[in-house]
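All letters in the sequence shown, in the order written, are residues 1 to 375 by our numbering.
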Amino acid sequence: MSLISYLTRIHFADGVVEDALAEELARLGVSRPLILTDDAAAEAVEQLADSLPCGMAAAWHPLGAGPLDVAIIEGACRVLAETGADGLIGLGGPTALDAARVVGFGDGIARAFDSLPAAAIRPARHLAPRFPVLAVPTTPAGGLGLTPGVWIAGRDGQGRTLTGNRLLPACLLIDPTLGEGVPPGLRAGPGMDALALCIEAYLATGWNPPADGMALDGIRRAAAHLPAAVKPGCGHESRRELLAAGLEAGLAAQKGLGALHALVRALEIATRGTPCRGSLHAALLPPFLDFNAPAAAPRYPAIAAAMGLPADADLAAAMAGFAASLGLPKRLDALGLDRPTLARVARAAEAEAASRTNPRLASAEDFRRILEAAA
């Protein structure tokens with residue numbers, strides 16, 4: 001990718017939801033928002049509700065957990081129409097933020113996805129957003145709603161991807177105080193997700209020097225602060241720094257991602273979102289680093305340095321040890337996937353858009369071998 005474009009308005013500060021939410025809603029002309037939440041919204045729901053302008057009639061729609069699919073989008077579009085909402089707020093993790101970005105195109109978006117073949121990519125420039133979208137992340141996962149593509153599972157269980165700058169939220173409110181009630185044990189997965197996205201963006205084949213700089217800084221922040229974030233008594237600084245790493249992951253992803261992202265997406269369908277995406281990244285990142293080494297090894301010393309490792313460190317082994325120290329799984333054996341399922345997941349990953357910017361071409365057979373190495 002050669003286009004470098006950063007178009008989103010971003011607030012990042014303690015208490016910024018209370019300070020800036022009303023201002024941004026007024027700026028966007030939103031008087032009746034539909035607020036989409038997922039299981040990562042938790043205690044932030046009350047905090048966001050208290051920050052809405054006095055007397056504002058907001059509608060709420062919980063999405064639950066799991067990967068984004070057409071049924072979730074259809075349900076949210078129905079609520080949007082029934083409530084007469086004129087804007088959307090995504091509150092929580094990747095499911096809520098990505099759903100808000102897609103539902104912002106209106107009720108025709110689900111039908112548009114149904115008409116696409118499996119693994120198709122639909123440029124968002126052919127669609128006109130109908131509703132403004134605000135993103136309020138509570139975890140560092142998923143690039144905080146700033147990745148250049150949204151992946152949606154169709155009724156056939158195959159993914160479709162919507163891409164382009166029209167998917168970006170009109171505004172992002174990043175408030176580290178929203179995550180204060182999250183148990184430390186639930187921080188490891190989202191933090192690992194941010195770290196993996198930064199590594200993939202840095203290794204992606206696109207030319208985007210600003211993205212490379214942000215990716216390396218995101219790696220540094222995640223590596224430095226994740227160990228403290230998963231311990232009891234996690235301090236505010238660690239939460240803030242992990243959100244900063246997540247922000248940098250989303251911004252750096254404008255350069256492209258890679259085959260790891262493609263495989264994790266395919267696995268999310270096969271496992272219905274269990275375990276969390278960060279756990280999948282933890283088990284798969286080491287074998288992917290080994291796989292990509294023939295094409296990307298010259299970039300590994302910079303990643304090692306950002307993680308505080310010697311330049312000649314065995315990056316795959318170090319990453320496996322780092323993930324284990326966070327309590328994340330080293331392997332995928334707990335998923336219990338049989339060989340036919342592994343083969344199906346491998347074929348789906350090969351077709352995913354993210355694999356196109358991987359530093360080394362990955363075939364379905366390559367994906368199958370990587371899955372078996374992590375099983």
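Backbone N, C-alpha and C define an ideal beta-carbon position, used for all residues, glycine too. Please read all numbers here as calculations on a predicted model, not as lab measurements.
*Out of Met214, Met307, Ala188, Cys234, which has the shortest C-alpha to C-alpha gap to Thr177?*
Numbered from 1 along the sequence shown, position 177 holds the residue referred to as residue 177. The candidate whose alpha carbon is nearest that of Thr177 is Cys234.
*Is Gly104 near Val79, with beta carbons less than 9 Å apart?*
By one-based count along the sequence shown, residue 104 stands at place 104. By one-based count along the sequence shown, residue 79 stands at place 79. No, the Cβ-Cβ distance between Gly104 and Val79 is not below 9 Å.
*Compute the Euclidean distance between the alpha carbons of Ala22 and Val16, then round it to the nearest angstrom.*
Here the question's residue 22 lines up with position 22 in the sequence shown. Here the question's residue 16 lines up with position 16 in the sequence shown. Roughly 10 Å separates the two Cα atoms.
*Within 10 angstroms of the Cβ of Leu216, are there 16 or more other Cβ atoms? Answer buried if so, exposed if not.*
Here residue 216 corresponds to residue number 216 of the sequence shown, with the count starting at 1. Leu216 comes out buried.
*Keeping to the same chain, check which residues put their C-beta closer than 7 Å to that of Asp14; ignore five residues upstream and five downstream.*
Residue mapping note: residue 14 aligns to position 14 of the sequence shown, counting from 1. Excluding sequence neighbours, Asp14 sits near Asp175, Pro176, Thr177.
_In this structure, how does DSSP classify Pro298 when only helix, strand and coil are distinguished?_
Sequence index remark: in the sequence shown, residue 298 carries index 298 (1-based). Residue state, collapsed to three classes: helix.
*Taking 9 Å as the cut-off, decide whether the C-beta atoms of Leu332 and Ala283 are in contact.*
Residue mapping note: residue 332 aligns to position 332 of the sequence shown, counting from 1. Residue mapping note: residue 283 aligns to position 283 of the sequence shown, counting from 1. It is a contact, given that the beta carbons lie within the stated cut-off.
*Among Ala81, Pro190, Met307, Glu248, nearest to Ser279 - alpha-carbon criterion*: What you label residue 279 is simply residue 279 of the sequence shown in a count that begins at 1. Nearest C-alpha to Ser279: Pro190.
*Beta-carbon proximity of Pro209 to Ser325, cut-off 9 Å*: Mapped onto the sequence shown, residue 209 falls at position 209. Mapped onto the sequence shown, residue 325 falls at position 325. Going by C-beta atoms, Pro209 is not nearer than 9 Å to Ser325.
*Within the present structure, is the beta-carbon of Glu350 separated from the nearest heavy atom of the ligand COA by less than 8 Å?*
The ligand COA is not part of this structure, which contains no ligands at all.
*Closest residue to Ala323 among Ser238, Pro232, Trp151, Ala194 (Cα-Cα distance)*: The residue you call residue 323 lines up with position 323 of the sequence shown. Closest option to Ala323, Cα to Cα, is Ala194.
*Thinking just about the alpha-carbon of each residue, which of Ala296, Ile35, Leu48, Glu350 is nearest to the one in Gly179?*
As a first step, residue 179 is located in the sequence shown; it is residue number 179 there, counting from the start. The shortest C-alpha separation from Gly179 is found at Leu48.
*In chain order, what residues of the same chain lie with their CB nearer than 6 Å to the CB of Thr147, ignoring the 5 residues before and after it?*
The residue you call residue 147 lines up with position 147 of the sequence shown. So the qualifying residues of the chain are Gly250, Ala253.
*asked:* Classify Gly327: buried if its beta carbon has 16 or more other beta carbons within 10 angstroms, exposed otherwise.
replied: Here residue 327 refers to the residue found at position 327 of the sequence shown. With fewer than 16 other Cβ atoms within 10 Å, it is exposed.
*His61 - partner residues in DSSP beta bridges*: Within the sequence shown, numbered from 1, the residue matching residue 61 stands at position 61. The partner list for His61 (beta bridge, DSSP) reads Leu36.
_Val219 versus Met307: straight-line alpha-carbon distance, rounded_ = Here residue 219 is taken as the residue at index 219 of the sequence shown, counted from 1. Here residue 307 is taken as the residue at index 307 of the sequence shown, counted from 1. As written in the sequence, residue 219 is Ile, which differs from the Val given in the question. Taking the straight line from one Cα to the other gives about 7 Å.
*DSSP three-state assignment for Arg272, whether helix, strand or coil*: Mapped onto the sequence shown, residue 272 falls at position 272. Coil at Arg272, not helix or strand.
*Which one of Met56, Glu46, Arg111 has the shortest CA to CA distance from Gly92?*
To locate residue 92, count along the sequence shown from 1; it is residue 92. Comparing Cα-Cα distances from Gly92 to each of Met56, Glu46, Arg111, the minimum goes to Glu46.
*asked:* Once DSSP output is grouped into helix, strand and coil, what is the label at Arg360?
replied: Indexing the sequence shown from 1 puts residue 360 at position 360. In the structure shown, Arg360 sits in coil (DSSP, three-state: anything other than H, G, I, E or B).
*asked:* Restricting to runs no shorter than 3 residues, where is the beta strand (DSSP E) found entirely within the stretch 170-209?
replied: 171-174
*Exposure of Gly258, with buried meaning 16 or more beta-carbon neighbours within 10 Å*: Indexing the sequence shown from 1 puts residue 258 at position 258. When all chains shown are included, Gly258 counts as buried.
*Whose C-alpha, out of Leu144, Asp212, Ala153, Lys255, is nearest the C-alpha of Ala266?*
The sequence position of residue 266 within the sequence shown is 266, counting from 1. Closest option to Ala266, Cα to Cα, is Ala153.
_Check whether Asp212 and Ala223 have beta carbons under 9 Å apart_ = Here residue 212 is taken as the residue at index 212 of the sequence shown, counted from 1. Here residue 223 is taken as the residue at index 223 of the sequence shown, counted from 1. The answer is no: Cβ separation not under 9 Å.
*Note down the Cα distance separating Ala349 from Gly336, rounded to an integer number of angstroms.*
What you label residue 349 is simply residue 349 of the sequence shown in a count that begins at 1. What you label residue 336 is simply residue 336 of the sequence shown in a count that begins at 1. One C-alpha to the other measures close to 18 Å.
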